[in-house]
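Since the structure comes first, as structure tokens, the remarks are kept for the end.
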Amino acid sequence: HNNGHKHDEL
Amino acid sequence: MNFFRLTADLMHLMSIFVLLLKIQKTRSCSGISFKTQLLYAVVFVTRYLDLPKWISLYNTLMKIFFIATSIYILYLMKVKFRATYDPSQDTFRIEFLLGACLLLALVFNYSFSFIEVLWTFSIYLEAVAILPQLFMLSRTGEAETITTHYLFALGAYRGLYLLNWIWRFYTENYADLIVWIAGAIQTALYSDFFYIYYKK
Numbered sequence: 066h067n068n069g070h071k072h073d074e075l
Numbered sequence: 028m029n030f031f032r033l034t035a036d037l038m039h040l041m042s043i044f045v046l047l048l049k050i051q052k053t054r055s056c057s058g059i060s061f062k063t064q065l066l067y068a069v070v071f072v073t074r075y076l077d078l079p080k081w082i083s084l085y086n087t088l089m090k091i092f093f094i095a096t097s098i099y100i101l102y103l104m105k106v107k108f109r110a111t112y113d114p115s116q117d118t119f120r121i122e123f124l125l126g127a128c129l130l131l132a133l134v135f136n137y138s139f140s141f142i143e144v145l146w147t148f149s150i151y152l153e154a155v156a157i158l159p160q161l162f163m164l165s166r167t168g169e170a171e172t173i174t175t176h177y178l179f180a181l182g183a184y185r186g187l188y189l190l191n192w193i194w195r196f197y198t199e200n201y202a203d204l205i206v207w208i209a210g211a212i213q214t215a216l217y218s219d220f221f222y223i224y225y226k227k
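Structural data, given as structure tokens:
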């Protein structure tokens, strides 16, 4: 599962 | 939020303060590439189109700070201290960077939507946005100490983000291939600069 889509970094 | 990421963000903030301080104190933007600063403004504006999406107060404030300061720096360079900017030193062709990054973002993205493609574009563009600045330095031969501090803070910010991704991969199973590959290239560009600078 790729949870990189949340874009929670700056 | 972990130690690496927080420190990285603070280094990023510091790099911007160093740049602003240099411009205000010397009342000059000599040695600074307007093109690199323009690319950073484009990076922040296209990446933070999701500003209305709430993640945290920290996240929102930082986004506003990055957008505002990057545009303010453009104003300082193009209006307030315009006379101190020498375009003949700043000759890197950014059209190619913009075009290549847009093309890459249209092909390699997580989903084909307006916001996602522009977010991906900003990730690719940030990786290469420093090139006009490095090109300018290699042309003029030497950098002012303050410019080196600016680049050092930016390089540290990128290096710490790599450590943050390793940390997040092991602690929260976090993965973001697009950001990782672009980030690795970006950090490599800075490492190359520091290597050359160190050897001098």
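These protein sequence lines map, in sequence, to chains F and D.
As numbered in the working numbering, the first sequence has no gaps in its residue numbers, which increase by one up to the final residue, 75.
As numbered in the working numbering, the second sequence has no gaps in its residue numbers, which increase by one up to the final residue, 227.
Note that beta-carbon positions come from the ideal geometry of N, C-alpha and C, so glycine has one too.
Where do the N-terminal and C-terminal ends of the alpha helix (DSSP H) with residue i fall, by residue?
| i | result |
| --- | --- |
| CYS128 of chain D | 121-134 |
| ASN191 of chain D | 172-199 |
| GLN213 of chain D | 204-226 |
| TYR67 of chain D | 61-74 |
| PRO114 of chain D | Run containing PRO114 of chain D: none; DSSP gives neither H nor E here. |
| PRO79 of chain D | Counting along the chain, PRO79 of chain D falls outside any alpha helix (DSSP H), and DSSP gives it neither H nor E. |
Measure the CB-CB distance between residue i and residue j and report whether it falls below 8 Å.
| i | j | result |
| --- | --- | --- |
| TYR75 of chain D | LYS52 of chain D | no |
| LEU6 of chain D | THR73 of chain D | The structure shown has nothing for residue 6 of chain D, since chain D only spans 28 to 227. |
| ILE121 of chain D | GLN64 of chain D | no |
| GLU153 of chain D | VAL70 of chain D | yes |
| PHE31 of chain D | LEU190 of chain D | yes |
| LEU129 of chain D | PHE220 of chain D | no |
| TYR184 of chain D | MET38 of chain D | yes |
| VAL155 of chain D | LEU181 of chain D | no |
| ALA132 of chain D | SER97 of chain D | no |
| HIS72 of chain F | TRP146 of chain D | yes |
Leaving out five residues before and five after residue i in sequence, what residues of the same chain have Cβ atoms less than 6 Å from its Cβ?
| i | result |
| --- | --- |
| TYR177 of chain D | SER42, VAL45, LEU46 |
Tell me the rounded alpha-carbon separation between residue i and residue j.
| i | j | result |
| --- | --- | --- |
| ASN68 of chain F | TYR201 of chain D | Summary for ASN68 of chain F: the model assigns pLDDT 47, below 50, so the residue's position carries little reliability; its value from the coordinates is reported in the next sentence. Distance between the alpha carbons of ASN68 of chain F and TYR201 of chain D is about 6 Å. |
| HIS66 of chain F | ALA95 of chain D | Unreliable positioning characterises HIS66 of chain F in this predicted model, as indicated by a pLDDT of 41, which lies under 50. The coordinate reading is nonetheless provided below. Each residue's Cα considered, the two are about 35 Å apart. |
| THR18 of chain D | SER55 of chain D | Any question about residue 18 of chain D goes unanswered here, given that chain D covers just 28 to 227. |
| GLU74 of chain F | ASP113 of chain D | 35 Å |
| THR175 of chain D | TRP192 of chain D | 26 Å |
| TYR225 of chain D | ALA211 of chain D | 21 Å |
| THR248 of chain D | SER165 of chain D | Residue 248 of chain D falls outside the range modelled here, since chain D spans only 28 to 227, and no answer is possible. |
| SER83 of chain D | THR167 of chain D | 42 Å |
| VAL106 of chain D | ASP36 of chain D | 28 Å |
Within its chain, find whatever has a CB closer than 8 Å to the CB of residue i; leave out the 5 residues flanking it on each side and keep chain order.
| i | result |
| --- | --- |
| ASP117 of chain D | SER60, PHE61, LYS62, PRO159, MET163 |
| THR87 of chain D | LEU78, TRP81 |
Leaving aside the five residues before and after residue i along the sequence, list all residues of the same chain whose C-beta is less than 7 Å from its C-beta, in chain order.
| i | result |
| --- | --- |
| ILE150 of chain D | ILE205, VAL206, ALA209 |
| GLU143 of chain D | ASN136, TYR137 |
| PHE108 of chain D | ILE50, ARG54, SER55, CYS56 |
Q. Can you list, in chain order, the residues of the stretch 146-160 of chain D whose Cβ is nearer than 8 Å to any Cβ on chain F?
A. The residues in question are TRP146.
Q) Quick one, which residues of the stretch 159-180 of chain D are near chain F if we go by CB-CB under 9 Å, in chain order? A) Answer set for the stretch 159-180 of chain D: empty.
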